[in-house]
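Engineer: Structure below; questions to follow.
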Amino acid sequence: MPTRITRYCHCIQKHTTHVVTFMTPVDELATLLARCAQRDRAALKPLYRLTAPQLFAIALRILKVSHRAEEALQDGFMRIWQHAADYRPERAPPMAWMATVVRYQALDLRPHDAIIDVIRPPSMDSDIDHPSGPLPHTERQHRAQGLQRCLERLDAKQRQTIQLAFYQGLTHSALAVHLNEKLGPVKSRVRRGLDRLKICFDE
Numbered sequence: 029m030p031t032r033i034t035r036y037c038h039c040i041q042k043h044t045t046h047v048v049t050f051m052t053p054v055d056e057l058a059t060l061l062a063r064c065a066q067r068d069r070a071a072l073k074p075l076y077r078l079t080a081p082q083l084f085a086i087a088l089r090i091l092k093v094s095h096r097a098e099e100a101l102q103d104g105f106m107r108i109w110q111h112a113a114d115y116r117p118e119r120a121p122p123m124a125w126m127a128t129v130v131r132y133q134a135l136d137l138r139p140h141d142a143i144i145d146v147i148r149p150p151s152m153d154s155d156i157d158h159p160s161g162p163l164p165h166t167e168r169q170h171r172a173q174g175l176q177r178c179l180e181r182l183d184a185k186q187r188q189t190i191q192l193a194f195y196q197g198l199t200h201s202a203l204a205v206h207l208n209e210k211l212g213p214v215k216s217r218v219r220r221g222l223d224r225l226k227i228c229f230d231e
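Residue numbering for the sequence shown is 29 to 231, as defined by the working numbering.
As structure tokens, then:
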């Protein structure tokens with residue numbers, strides 16, 4: 029598997045200004061994912077061609093900047109290739125599963141949004157293609173109190189990193205510079221912190 033999906037496909041910038049709207053048969057996508065699970069590299073290019081415009085649009089709505097959305101899309105397809113065997117058609121349509129993977133990658137590039145995603149009530153996050161509006165005031169207060177309670181359960185370094193990401197809106201790269209640390213450990217700390225926050229909010 030090459031390190032970048034773009035070796036298989038044309039430059040994703042073609043999708044940045046003109047997103048195609050179409051319906052792809054579910055069975056075709058499921059078949060392509062099954063072939064990816066069997067490490068059939070020939071299946072990846074048509075899978076990318078059929079789904080990239082819609083997946084790019086999801087990443088772009090989250091990140092707002094084309095080059096970062098491209099990065100999320102490429103990273104997302106790497107994970108789709110690596111975890112295709114985990115897809116279960118009885119649980120979700122293939123496009124919904126792929127969209128979740130790309131959306132997670134986009135949020136991973138923007139820790140503040142990832143934290144919002146964790147603390148947002150599930151009922152307000154049911155449609156990945158239509159982001160929810162602002163939380164009601166009382167709900168914001170409730171979730172803020174919950175966030176503070178869950179932050180107190182993190183270790184000191186995790187709590188500091190998550191607070192910088194949430195309250196100052198720092199990206200992973202900005203966090204690494206601010207903390208004078210390497211990017212990899214910072215991203216890992218944010219991810220572990222988010223996992224612990226999610227567990228806390230689900231209690």
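Virtual Cβ for every residue (Gly too), placed ideally from N, Cα, C.
#1: Where do the ends of the alpha helix (DSSP H) carrying residue 223 lie?
#2: Going by Cα to Cα distance, which pick from 196, 226, 63 is closest to residue 181?
#3: Using beta-carbon positions only, say whether residue 139 and residue 200 come within less than 8 Å of one another.
#4: Taking only runs of the alpha helix (DSSP H) that begin and end inside the stretch 45–128, which ones reach a length of at least 4 residues, in chain order?
#5: Identify which residue in 214, 196, 195, 197 has its Cα closest to the Cα of residue 204.
#6: How is the alpha helix (DSSP H) around residue 189 delimited, first residue to last?
#7: Where residue 115 and residue 175 are concerned, what is the direct C-alpha to C-alpha distance, given to the nearest angstrom?
#8: Within 10 Å of its beta-carbon, does residue 195 have 16 or more other beta-carbons around it, so buried, or fewer, so exposed?
#9: Pair every Cβ in the stretch 183–191 with every Cβ in the stretch 118–125, then say whether three or more of these pairs are closer than 8 Å.
#10: Taking the CB atoms as reference points, tell me whether residue 94 and residue 88 lie closer together than 8 Å.
#11: From 134, 78, 118, pick the residue whose C-alpha is nearest to that of residue 103; which is it?
#12: For residue 61 and residue 169, I'd like the C-alpha separation in whole angstroms.
#13: Alpha carbon to alpha carbon, how far is residue 171 from residue 179? Give it in angstroms, no decimals.
#14: Quick one, are the C-beta atoms of residue 91 and residue 137 less than 8 Å apart?
#15: Alpha helix (DSSP H) containing residue 203: first to last residue?
#16: Buried or exposed for residue 82, please, with buried defined as at least 16 other CB atoms from any protein chain shown within 10 angstroms of its CB.
#17: Considering only residues of the same chain and omitting the five flanking positions on each side of residue 130, which have a CB-CB separation below 7 Å?
#18: Among 209, 98, 77, 145, whose alpha-carbon lies nearest the alpha-carbon of residue 223?
Structural biologist: The short version:
#1: 211–230
#2: 226
#3: yes
#4: 54–65, 72–91, 94–110
#5: 214
#6: 184–196
#7: 31 Å
#8: exposed
#9: no
#10: yes
#11: 134
#12: 42 Å
#13: 12 Å
#14: yes
#15: 200–207
#16: buried
#17: 83, 86, 87, 100, 101, 104
#18: 145
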